Amino acid sequence: MIQTAHSSRAISFGLCVFWALLCIVARPLPGQESSTGTVIVARGGADAVLIWDATPVVAALTSSKTPHQECMRRLESEAMNVLAGHAVSLPVARTISVRVVYKKLGSVSPEYGDATLAGLEALFILSARRTDIVQYGKDIGRAPGSGATIKAAKLTVTGDLP
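Numbering (our numbering), first residue to last: 622 to 783.
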């Protein structure tokens, strides 16, 4: 294929447009503003599912030697914030669930000098009706134990902290 200067400029322009669109689309989602880690919408529709990679939060809590119960309360509070942040962007959903996962690290590789990935741990699933999430808004994820939670929320623990 013979490439002319005109087609090179068209390709360059196309790449610039692609990167500009990517920067616009890749801005943080509402739920990401209140939590650390990545949140993705795994399924939309009536029963929406979010997946939150809480690895940075889990690492910070465990490295600070926070007691297990307090770690779980803080993670539940952040998961509530994730639900609240995404409720507006999922207007069709009747229920919204957030699956909280983190990366389990294995031993340090002598070859690379860094911890190896031992897999993903699915910690818990928090589900609530969208109407309840919208009603309580950002107050649902206030300080643990403050009483500002969704009473109808369902918590299913599926794993354990490191």
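Glycine residues also receive a C-beta, built at the ideal position from the N, C-alpha and C atoms.
Source: prediction; values computed, not measured.
Quick check on the DSSP output: the alpha helix (DSSP H) that includes residue 687 runs from which residue to which?
Residue mapping note: residue 687 aligns to position 66 of the sequence shown, counting from 1. Note, residue 687: premise wrong, no alpha helix (DSSP H); not H, not E.
For the pair the stretch 686-694 and the stretch 709-720, tell me if three or more CB-CB distances fall below 8 Å.
no
Can you list, in chain order, the residues of its chain whose CB lies under 7 Å from that of residue 676, leaving out five sequence neighbours each side?
Indexing the sequence shown from 1 puts residue 676 at position 55. Closer than 7 Å at the Cβ level, and outside the excluded window around residue 676, lie 658, 723 and 724.
Leaving aside the five residues before and after residue 742 along the sequence, list all residues of the same chain whose C-beta is less than 6 Å from its C-beta, in chain order.
Mapped onto the sequence shown, residue 742 falls at position 121. Counting only Cβ-Cβ distances below 6 Å, and skipping sequence neighbours, we find 723, 725 and 780.
So which of 661, 686 and 682 has the shortest CA-CA distance to residue 697?
Position 76 of the sequence shown holds residue 697. Shortest Cα-Cα distance from residue 697 to any of 661, 686 and 682 involves 682.
Can you find the residues in the same chain that come closer than 6 Å, C-beta to C-beta, to residue 668, ignoring five residues on each side of it along the sequence?
Here residue 668 is taken as the residue at index 47 of the sequence shown, counted from 1. Within the same chain, and ignoring the five residues on either side of residue 668 in sequence, the residues whose Cβ sits closer than 6 Å to its Cβ are 716.
For a quick check, are the C-beta atoms of residue 662 and residue 711 less than 9 Å apart?
Within the sequence shown, the letter at position 41 stands for residue 662. Within the sequence shown, the letter at position 90 stands for residue 711. Cβ atoms of residue 662 and residue 711: closer than 9 Å.
CA-to-CA distance, residue 685 to residue 756, given in whole angstroms
To locate residue 756, count along the sequence shown from 1; it is residue 135. To locate residue 685, count along the sequence shown from 1; it is residue 64. When rounded, the distance between both Cα atoms is 34 Å.
How many Å lie between residue 670 and residue 705 at the Cα?
In the sequence shown, the residue the question calls residue 670 occupies position 49. In the sequence shown, the residue the question calls residue 705 occupies position 84. So the two alpha carbons sit approximately 13 Å from each other.
Which same chain residues end up closer than 6 Å to residue 729 when comparing Cβ atoms and leaving out the 5 residues on each side of it in sequence?
Taking the first residue of the sequence shown as position 1, residue 729 is located at position 108. Cβ within range, chain order: 736.
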